[in-house]
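Top to bottom, those sequences are chains A and B.
Letter by letter, the first sequence follows residues 1 to 246 in my numbering.
Letter by letter, the second sequence follows residues 1 to 246 in my numbering.
Note that beta-carbon positions come from the ideal geometry of N, C-alpha and C, so glycine has one too.
As the structure is a prediction and not an experimental result, all values here were calculated from the model.
Protein chains: 2
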Amino acid sequence: MNSVIELLQSHRSIRKFEDRPIDEALFRELLRAGQSAATSSHVQATSVIRVRDAGKREAIAELAGGQPYVASCAEFLVFCADMKRVFDACDRNGVEGVQQGMTEQFIIATVDTALFAQNVAVAAESADLGICYIGGVRNNPAQISEILELPEHVYPVFGFCIGYPEQDPEVKPRLPLEVIVKEDTYSDDGDAEAIAAFDQTMNAYYRSRNSNVKDATWSDQIGVLFTQKSRPHMRDFLKQRGFPMK
Amino acid sequence: MNSVIELLQSHRSIRKFEDRPIDEALFRELLRAGQSAATSSHVQATSVIRVRDAGKREAIAELAGGQPYVASCAEFLVFCADMKRVFDACDRNGVEGVQQGMTEQFIIATVDTALFAQNVAVAAESADLGICYIGGVRNNPAQISEILELPEHVYPVFGFCIGYPEQDPEVKPRLPLEVIVKEDTYSDDGDAEAIAAFDQTMNAYYRSRNSNVKDATWSDQIGVLFTQKSRPHMRDFLKQRGFPMK
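Written out as structure tokens, the structure is:
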């Protein structure tokens, strides 16, 4: 196993950061690494808002569910799926009959943005930085869009903290590979047993970790999560922002 | 700039592969690297179908728009957003009132899957392999789902070729970083001029590259792409497969 694969396998989210800035040249290279990820048909349907204003940081930290590291990390980014850029390019070129608001475009822009961000994550971790994805920006996406003045056809997919780690959390276990990877057809034979064993692994992990100790399993956590309505405002929010999922 | 960031910035899609298998232990490490990516609330809403059957490969190559490397690459994977696993875990645990079919769940599963795949891409490239994302599986997602026997609450996000490269294509230029990254608020001031310059960069690239030479710009290509209805079947397909975007 080479050192890059070792790096990838050692990922854990960082939620406590040193008060230490990231060198600007390095920061730009992280973003260039993000841009270098694959992009569907070269559309590059991503914009990144680098949030430097302290007041905006504080407001987003609160709107994202009270996550103080959004305010305290060295750099906080909001990764946006952006179809505006391509629609504007069509307008400038006098292209008529542009199709907007399609489900497929939503997928393209969301996937492009995720691939971009993951490259930034890997680049950052290769430079001894730590990161944390902030899905919590989708708790209050309308307010956050207003703060960042996001236009129509742009939505915030997730936030992203980067900085020098001031903690060293354990790597969180993952489901057995056999549950994830299936050969030629989708089969879940054996998954119930493998997940039962994984539940015990997670229980041991949750009971013994350094912080936020609890007596729970993966299945317990999933049960709590999915009996809540997951961010039920997302459908209307997206529709209002130019993603009606046609 | 360190070697990992250099690796990330040197990505290009590979569409011609040596007839050479990938060592099984290495292949498993690539997938473990994928699993190590961040996952929203630890849901791990991804399944990977490893397609080894030659007949299935041929059929998918055709259904994905006639992409022969789907059949000829060493490993072909279909990355699926999978909400079935968590719903089944809830069922087994006797959890009642599980919320299904929400837009937010679609986002979670799609983003989880993209982050996973991008880690596999980076891991593969670190081991001298090449990769190509195959968005074309969304050309005929219903037929491909049938071939792979994908159940409800699972959809194929993209395919993914891996193998040892038998070509050495150029790295494709990306939009200027200034167009992508914005500070504190979304502003597109100066973007029109920067994109006009990028159009000239792309024109020079398309005219001089080794294969598929053409006289086009980025804006030209985008115009052609978005006057077509992008995979208009996706909305109904997803609805039928348990993703009604509630």
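Fill in: Alpha carbon of B/R85 to alpha carbon of B/A45, nearest angstrom
In the second sequence, the residue the question calls residue 85 of chain B occupies position 85. In the second sequence, the residue the question calls residue 45 of chain B occupies position 45. Annotation: B/R85 to B/A45 spans about 7 Å, alpha carbon to alpha carbon.
Worksheet entry | Collapsed DSSP secondary structure at B/Y206 in the structure displayed | Translated into positions along the second sequence, residue 206 of chain B becomes position 206. Three-state result, B/Y206: helix.
Item to complete: Note down the Cα distance separating A/M83 from A/S145, rounded to an integer number of angstroms.
Response: For the purposes of this step, residue 83 of chain A is identified with residue 83 of the first sequence, where counting begins at 1. For the purposes of this step, residue 145 of chain A is identified with residue 145 of the first sequence, where counting begins at 1. About 15 Å.
Worksheet entry | Residue span of the beta strand (DSSP E) that contains B/V157, given as start and end | Residue 157 of chain B sits at position 157 when you count from the first residue of the second sequence. From DSSP, the beta strand (DSSP E) with B/V157 extends over V154 to G163.
Worksheet entry | Nearest-angstrom Cα separation, counted from B/D191 out to A/I147 | Within the first sequence, residue 147 of chain A is the residue found at index 147, counting from 1. Within the second sequence, residue 191 of chain B is the residue found at index 191, counting from 1. Roughly 21 Å separates the two Cα atoms.
Worksheet item: If you follow the beta strand (DSSP E) that A/L77 is part of, which residue opens it and which one closes it?
Response: Within the first sequence, the letter at position 77 stands for residue 77 of chain A. A/L77 -> beta strand (DSSP E) spans E75 to D82.
Practice prompt. Tell me whether B/Q167 is buried or exposed, calling it buried when 16 or more other Cβ atoms sit within 10 Å of its Cβ.
Written response: Mapped onto the second sequence, residue 167 of chain B falls at position 167. B/Q167 should be labelled exposed.
Worksheet item: Which residues bound the beta strand (DSSP E) around A/G101?
Response: As a first step, residue 101 of chain A is located in the first sequence; it is residue number 101 there, counting from the start. Unbroken run through A/G101: none, as it is neither H nor E.
Discussion item. Between the alpha carbons of B/P156 and B/P141, how many angstroms are there, rounded?
Written reply: Against the second sequence, residue 156 of chain B aligns to sequence position 156. Against the second sequence, residue 141 of chain B aligns to sequence position 141. If I take the Cα positions, the gap works out to 7 Å.
Discussion item. Please identify the residue among A/T110, A/G94 and A/R15 whose C-alpha is closest to the C-alpha of A/F243.
Written reply: In the first sequence, counting from the first residue as 1, residue 243 of chain A sits at position 243. Ranking the options by Cα distance to A/F243, first place goes to A/T110.
Worksheet item: Count the other CB atoms within 10 Å of the CB of B/D119; is the residue buried (16 or more) or exposed (fewer)?
Response: Position 119 of the second sequence holds residue 119 of chain B. Reading the sequence as shown, one finds Asn at residue 119 of chain B and not Asp. Buried, because 16 or more other Cβ atoms sit within 10 Å of the Cβ of B/N119.
Worksheet item: So, is the C-beta of B/E29 closer than 8 Å to a C-beta in chain A?
Response: Here the question's residue 29 of chain B lines up with position 29 in the second sequence. Yes, because at least one Cβ of chain A sits closer than 8 Å to the Cβ of B/E29.
Practice prompt. Let me know the secondary structure DSSP gives A/I14 once reduced to three states.
Written response: Numbered from 1 along the first sequence, position 14 holds the residue referred to as residue 14 of chain A. Three-state DSSP puts A/I14 in coil, outside helix and strand.
Discussion item. Quick check on DSSP: helix, strand or coil for A/R174?
Written reply: Taking the first residue of the first sequence as 1, we reach residue 174 of chain A at position 174. Note: A/R174 maps to coil in three-state DSSP.
Worksheet entry | Collapsed DSSP secondary structure at B/V48 in the structure displayed | By 1-based counting over the second sequence, the position of residue 48 of chain B is 48. The answer is strand: DSSP assigns B/V48 an E or B state.
Discussion item. For a test of the three-state rule: what should DSSP assign to B/Y69, helix, strand or coil?
Written reply: In the second sequence, residue 69 of chain B corresponds to position 69, counting from 1. B/Y69: helix per DSSP, three-state reduction.
Item to complete: State yes or no: is the C-beta of A/C90 within less than 8 Å of the C-beta of A/C161?
Response: Stepping through the first sequence from its first residue, residue 90 of chain A is reached at position 90. Stepping through the first sequence from its first residue, residue 161 of chain A is reached at position 161. Not closer than 8 Å, so no.
Worksheet item: DSSP beta-bridge partners for B/G130?
Response: Walking along the second sequence from the start, residue 130 of chain B turns up at place 130. B/G163.
Worksheet entry | Residue environment, B/Q67, which counts as buried when at least 16 other CB atoms sit within 10 Å | Counting from 1 along the second sequence, the entry for residue 67 of chain B is found at position 67. Under this definition B/Q67 is a buried residue.
Practice prompt. Can you tell me which of B/Q143, B/L150 and B/T113 puts its alpha carbon nearest to the alpha carbon of B/Y133?
Written response: Working through the second sequence from its first residue, we reach residue 133 of chain B at position 133. If we check each option's Cα against that of B/Y133, B/T113 comes out closest.
Worksheet entry | Neighbouring residues, chain B, relative to A/K172 (Cβ below 8 Å) | If you number the first sequence from 1, residue 172 of chain A lands on position 172. Simply H42.
Worksheet entry | Residues that B/V181 bridges to, as DSSP identifies them | For the purposes of this step, residue 181 of chain B is identified with residue 181 of the second sequence, where counting begins at 1. Bridge partners of B/V181: A/V48.
Fill in: Within chain A, the residues that B/S208 reaches when beta carbons sit closer than 7 Å
Numbered from 1 along the second sequence, position 208 holds the residue referred to as residue 208 of chain B. Ordered by position in chain A, no residue passes the 7 Å Cβ test against B/S208, which lies about 16 Å from the chain.
Worksheet item: What first and last residue would you give for the alpha helix (DSSP H) that runs through B/T217?
Response: Along the second sequence, read from residue 1 onward, the residue named residue 217 of chain B stands at position 217. B/T217 -> no alpha helix (DSSP H), and no H or E assigned at all.
Fill in: chain B within 8 Å of A/T185, Cβ atoms only
The residue given as residue 185 of chain A occupies position 185 in the first sequence. By this cut-off, A/T185 is an interface position.
Worksheet item: From the beta carbon of A/E149, is the nearest beta carbon of chain B less than 8 Å away?
Response: As a first step, residue 149 of chain A is located in the first sequence; it is residue number 149 there, counting from the start. True, the Cβ-Cβ gap to chain B drops below 8 Å.
Fill in: For B/H42, three-class secondary structure by DSSP
For the purposes of this step, residue 42 of chain B is identified with residue 42 of the second sequence, where counting begins at 1. It is helical.
Practice prompt. Below 8 Å on the Cβ atoms is my guess for B/I5 versus A/A194; work out the distance and round it to an integer in Å.
Written response: Walking along the second sequence from the start, residue 5 of chain B turns up at place 5. Walking along the first sequence from the start, residue 194 of chain A turns up at place 194. Going by Cβ atoms, the distance from B/I5 to A/A194 rounds to 36 Å, so no, they are not a contact pair.
Worksheet item: How would you write the range of the alpha helix (DSSP H) that A/A25 sits in, first residue to last?
Response: Within the first sequence, the letter at position 25 stands for residue 25 of chain A. A/A25 -> alpha helix (DSSP H) spans E24 to Q35.
Discussion item. On the DSSP letters alone, give me the boundaries of the alpha helix (DSSP H) that B/E58 sits inside.
Written reply: Walking along the second sequence from the start, residue 58 of chain B turns up at place 58. Per DSSP, B/E58 belongs to the alpha helix (DSSP H) from A54 to L63.
Discussion item. Considering Cα atoms alone, identify which of B/N2, B/M1 and B/L8 is closest to B/G130.
Written reply: If you number the second sequence from 1, residue 130 of chain B lands on position 130. Answer by Cα proximity: B/L8.
Worksheet item: With DSSP run on the structure shown, which of helix, strand or coil describes B/N2?
Response: In the second sequence, the residue the question calls residue 2 of chain B occupies position 2. The answer is coil: DSSP assigns B/N2 none of H, G, I, E or B.
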